[in-house]
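In this text, residue positions in the sequence shown follow the working numbering: the first is -7, and each later residue adds one. Structure first, then comments.
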Amino acid sequence: MNRLTRQPARPTGETRERGAALVELALAMPVLVMLLLGTVTSALALNDNLQLTHAAREGARHGAAIPDDQTFTSGTWAENVRDLVLERYGNGLSAGDVCVALVVGSPPAPLSASHTTDAGGNACYDDSAAGLTDARVQVTVAKDSVIETGFASFDARLTSEATAKHESNG
């Protein structure tokens, strides 16, 4: 005990280490924040990718059930399927991010211009390596995402493809 202040005497090494914990925290904090921010934004990008996959599959499944000669009050066959994909994804996706096509053959070719949303009138992607030749619905969805770490950011292009065999008109 210190006789003047009536406090227990401190060990001699403790006075030098009073601010060490604060300095260590200040040095470690940027790394911890970077890891936390990177984890959160990566999880958000993963969630976006799951939503893209779900929307593409829903669109392909929906398009497979619509007859190719179906008439609509507005838009073409492909535009109506694309609109369903946009609806299933929710906000943050535009019509230009979605490609829908009803294709046949190998390599795939759209049935007509009204059966694809590709600006060039093409199939959304080449799935001929899978040996598919029957009528099928192709849906491709793509979206840009960013993964932030606080000190750096990384651009990521999220894409999803889905194919469903088209049901016959009969």
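Note that beta-carbon positions come from the ideal geometry of N, C-alpha and C, so glycine has one too. Note that the structure is predicted; figures quoted are calculated from it, not measured.
Considering only Lys157, Gly82, Asp61 and Ala47, the residue with the shortest C-alpha distance to Gly123 is Lys157. Cα atoms of His46 and Trp69: separation of roughly 20 Å, rounded to the nearest angstrom. Counted as a single uninterrupted DSSP element, the beta strand (DSSP E) harbouring Arg149 occupies residues Ser145 to Lys157. A residue is called buried when at least 16 other Cβ atoms come within 10 angstroms of its Cβ; Gln43 meets this threshold and is buried. The three-state secondary structure of Pro102, taken from DSSP, is strand. Rounded to the nearest angstrom, the Cβ distance from Ala37 to Ser152 is 13 Å, too far for a contact under 8 Å. In the structure shown, Gln43 falls within a helical segment according to DSSP collapsed to helix, strand and coil. In the assembly as shown, Ala144 is an exposed residue. Its beta-carbon has fewer than 16 other beta-carbons within 10 Å.
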